[in-house]
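Heads up: the protein sequence lines correspond to chains A and B, in order. To get the numbering used here, take the position in the first sequence, counting from 1, and add 202. To get the numbering used here, take the position in the second sequence, counting from 1, and add 202. Even for Gly, the Cβ is constructed at its ideal location relative to N, Cα and C. As the structure is a prediction and not an experimental result, all values here were calculated from the model. One structure below.
Protein chains: 2
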Amino acid sequence: MPQPVDIVQKLSLVTEQWSPKVVARLNDYEIKVVKVQGEFVWHSHDDTDELFLVVDGVLTIQLHDGDVVLHPGQLYVVPKGVEHCPIADGEVHAVLIEPSGVANTGSAGGDRTAAYDDSLSSSAR
Amino acid sequence: MPQPVDIVQKLSLVTEQWSPKVVARLNDYEIKVVKVQGEFVWHSHDDTDELFLVVDGVLTIQLHDGDVVLHPGQLYVVPKGVEHCPIADGEVHAVLIEPSGVANTGSAGGDRTAAYDDSLSSSAR
Numbered sequence: 203m204p205q206p207v208d209i210v211q212k213l214s215l216v217t218e219q220w221s222p223k224v225v226a227r228l229n230d231y232e233i234k235v236v237k238v239q240g241e242f243v244w245h246s247h248d249d250t251d252e253l254f255l256v257v258d259g260v261l262t263i264q265l266h267d268g269d270v271v272l273h274p275g276q277l278y279v280v281p282k283g284v285e286h287c288p289i290a291d292g293e294v295h296a297v298l299i300e301p302s303g304v305a306n307t308g309s310a311g312g313d314r315t316a317a318y319d320d321s322l323s324s325s326a327r
Numbered sequence: 203m204p205q206p207v208d209i210v211q212k213l214s215l216v217t218e219q220w221s222p223k224v225v226a227r228l229n230d231y232e233i234k235v236v237k238v239q240g241e242f243v244w245h246s247h248d249d250t251d252e253l254f255l256v257v258d259g260v261l262t263i264q265l266h267d268g269d270v271v272l273h274p275g276q277l278y279v280v281p282k283g284v285e286h287c288p289i290a291d292g293e294v295h296a297v298l299i300e301p302s303g304v305a306n307t308g309s310a311g312g313d314r315t316a317a318y319d320d321s322l323s324s325s326a327r
């Protein structure tokens, strides 16, 4: 039987911050859930836009053009090639959508790069 | 200044049912909001998956394998080529994500086919 994906339920299974978990796929795109707190690293994705949708908390996406402040139910698409750095005072629960295989740190790399994890996906490989 | 997209605020601007409105773009994909009520038509999209995320109300996606019942905060990706027919007793507010240019009625066509509308997008063309 086909089953829905409950975003809050999936987020309840996430124990690590800054470690996106794939929960669904849309063609060659992935829908991920993530918990974040504090400041990430400045980075960009040279080949793709990246969608952030906040579910809980307040996420600020720092851009060189100014900050985008996202409350629950608000989304923002960071255009490809645009340097950005998410920051959150309290813990934020969010959904990310981007093509398969995109690293969370983009072209910046470094020790904040998360391992690929689709263990919360019903079609985990 | 870059601005967030508030899903509920965008939905508040939608006056017609079954008429998806583009509110954001992610590469060659579109994020749309839609209000639906009653039964749609059975159709499929031969070339693409389609993501449904319910924001308000209860949406049933009828499939030949069974029904998927989506409550707020739940999503489902209808695989490409799979016939489906959304149905809702009360009005449902939802987000759709699919590649640009996908018709709401897929290969079924007919008078339920909605005109393309990106007037709620900040980058309306």
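Sequence-ordered contacts of the segment 276 to 292 of chain B with chain A read Q276, L277, Y278 and V279 [C-beta pairs closer than 7 Å].
Between D313(B) and chain A, the shortest Cβ-Cβ separation is not below 8 Å. Secondary structure at Q211(A): helix, using DSSP grouped into helix, strand and coil.
In this structure, K237(B) lies away from V224(B), with their beta-carbon atoms at least 8 Å apart. In the DSSP assignment, the residues bridged to L272(A) are L261(A). The segment 240 to 253 of chain B and the segment 283 to 293 of chain A do not touch, with fewer than 3 CB-CB distances between them shorter than 8 Å. Under the 8 Å criterion on CB atoms, A226(A) is classed as interfacial with respect to chain B.
Closer than 9 Å at the C-beta level to chain A, one finds these residues of the segment 204 to 233 of chain B: P204, Q205, P206, V207, D208, I209, V210, Q211, V225, A226, R227, L228, N229, Y231 and I233.
Checking the DSSP bridge columns, you'll see R227(B) partnered with E232(B). In the DSSP annotation of this structure, the continuous segment of the beta strand (DSSP E) that includes H286(B) starts and ends at H286 to P301.
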